[in-house]
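Mapping of the sequence shown onto our numbering: residues 100 to 169, in sequence order. No residue lacks a Cβ here, since even glycine has one placed at the ideal position from N, Cα and C. Source: prediction; values computed, not measured.
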Amino acid sequence: MNHPAVPAAHAYLLAVFNGSDGELGIRRCRCDSRQSELLMEARAVRAELAKVKTMIRAYGLARADAGITP
100 MNHPAVPAAH AYLLAVFNGS DGELGIRRCR CDSRQSELLM EARAVRAELA
150 KVKTMIRAYG LARADAGITP
């Protein structure tokens, strides 16, 4: 199960950016002179999502280890 923020963040990134640079999947920014600021924001969003996914996974494993089922 994905955290509710994951699809929203992906939709945001797809709406603002297009293409691929390897790391972020960004080749060309469809934005204004704040391109570098928005790229930094996108990196921060991706990093935060990775943390949340790790926390959710760890929570699920801890529940399973304790014998708690959904």
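Query	Result
Quick one: Cα of glutamate 140 to Cα of arginine 162, how far?	33 Å
Tell me whether proline 106 sits in a helix, a strand or coil according to DSSP, three-state version.	helix
Do the CB positions of leucine 137 and alanine 104 come within less than 9 Å of each other?	no
Measure the C-alpha to C-alpha separation of alanine 165 and lysine 150 and round it to an integer number of angstroms.	23 Å
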